[in-house]
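Structure, as structure tokens:
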Ligand code: SF4
């Protein structure tokens, strides 16, 4: 009996079997193998949870992408958060998984164990309550995330300004989806044949943001929902596009995504944020115009200016043995990492991909356990 048509329909065993059987039949006509990057960590988890790689035809392979906001956050940004948290009379606030990612001085969880006031929230608006209860403290919201969460930070700022809070600042680490994809697809050795585009981001931005990527790289791009049937249908669309040589931007997740996206949210973001010159990505290095910063007229609320003297000179280095960077570029998989399972696990993560609930290493660990012999 179907109880929730928005979920059960897309998890139905018969439909999954039928879709992947159709994919197997259709893919016999492929003349070369396809590497399909699922950009979003949410898709990685669906793929591993439902063991979808086992249903794939031989000619199709998934590679994981840079769409997990915690995973792409480099160590130097975590070090910035740690430094800010260590200042007198500061309360550092961030979203869930971020507090577990290791930095050079330790994670934000370690900072809290040392006695610094670090808190995590489910909604940025909780910052208002914290600031109201602590009028003598500076509350710094360490804002992370792709286009999905930026409107929430903008909504926080709107209230901060309207309500006249003077003890709230924002450390902006909001990043954009298309620039890292462009960087990955531009690499001379890139073998990615198609993209499963992220759906939460696309709800806000609309599927239109992928058009420049289509025009430049001429590969199928399908905005895909988060259930196994969504993934199967998206793969069918990709194979059809490849066979007919008609690459396009298609929205499989049409129950939530439109071409234009959420115009109100986009307008709210534009009111407070602008493109930053550069952002240093974990595994991808510097990518120009790939992140956002606060507009100059809101500089009073910008923690990167307020704490500048403490943040200057923080090094941009990653853990030497960790393959997160290679995984985020689609070049390696979690089982390729020698540290996987043994030295790096969710209880003791060495890299961000093992921390986040959207991380590829966390997905492999949760659904496949330790590395196969
Ligand atoms: S298993 Fe750990 S160390 Fe290895 S790539 Fe994943 S997060 Fe990095």
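Residue numbers (this note's numbering): 2 to 374.
The beta carbon of each residue, even a glycine, is placed where N, CA and C say it ideally should be.
No experiment lies behind these values; they were computed from the predicted model shown.
Length of the line joining the Cα atoms of residue i and residue j
i: residue 20; j: residue 58; result: 12 Å
i: residue 306; j: residue 61; result: 47 Å
i: residue 39; j: residue 321; result: 25 Å
i: residue 148; j: residue 24; result: 32 Å
i: residue 358; j: residue 167; result: 34 Å
i: residue 104; j: residue 6; result: 43 Å
i: residue 81; j: residue 315; result: 7 Å
i: residue 217; j: residue 158; result: 36 Å
i: residue 115; j: residue 97; result: 19 Å
i: residue 376; j: residue 140; result: What is shown of the chain runs 2 to 374, which leaves residue 376 out entirely.
i: residue 79; j: residue 95; result: 11 Å
i: residue 278; j: residue 87; result: 27 Å
i: residue 10; j: residue 310; result: 54 Å
i: residue 222; j: residue 269; result: 27 Å
i: residue 340; j: residue 323; result: 7 Å
Three-state class that DSSP yields for residue i in the structure shown
i: residue 374; result: Because the pLDDT of residue 374 is 48, which lies under 50, any placement of that residue in the model is unreliable, and the question is left without a value.
i: residue 330; result: coil
i: residue 191; result: coil
i: residue 54; result: helix
i: residue 36; result: strand
i: residue 160; result: helix
i: residue 146; result: strand
i: residue 137; result: coil
i: residue 289; result: strand
i: residue 81; result: helix
i: residue 63; result: strand
i: residue 395; result: Since the displayed the chain opens at 2 and closes at 374, residue 395 lies outside it and no answer follows.
i: residue 72; result: coil
Anticipated Cβ contact below 8 Å, residue i with residue j, distance rounded
i: residue 172; j: residue 293; result: That pair is no contact at about 12 Å.
i: residue 72; j: residue 353; result: 5 Å
i: residue 197; j: residue 44; result: 6 Å
i: residue 224; j: residue 273; result: Not quite, the Cβ-Cβ distance comes to about 26 Å (not below 8 Å), so this is no contact.
i: residue 318; j: residue 76; result: 6 Å
i: residue 365; j: residue 74; result: Not a contact, Cβ separation roughly 20 Å.
i: residue 327; j: residue 284; result: 7 Å
i: residue 232; j: residue 31; result: Not confirmed; about 18 Å, so no contact.
i: residue 93; j: residue 128; result: Not quite, the Cβ-Cβ distance comes to about 11 Å (not below 8 Å), so this is no contact.
i: residue 132; j: residue 169; result: 5 Å
Worksheet item: Whose beta carbon lies closer than 5 Å to any heavy atom of the ligand SF4, going through the chain in order?
Response: Those residues, listed in chain order, are 323, 324, 325, 338, 340, 341, 345, 351, 352, 354, 355, 362.
Item to complete: Any chance you could list the alpha helix (DSSP H) runs of at least 4 consecutive residues sitting entirely within the segment 192-252, in chain order?
Response: 200-206, 212-218, 229-245
Discussion item. Report the start-end ranges of each alpha helix (DSSP H) in the segment 252-282 that is 4 residues or longer and not cut off at the edges.
Written reply: 264-273
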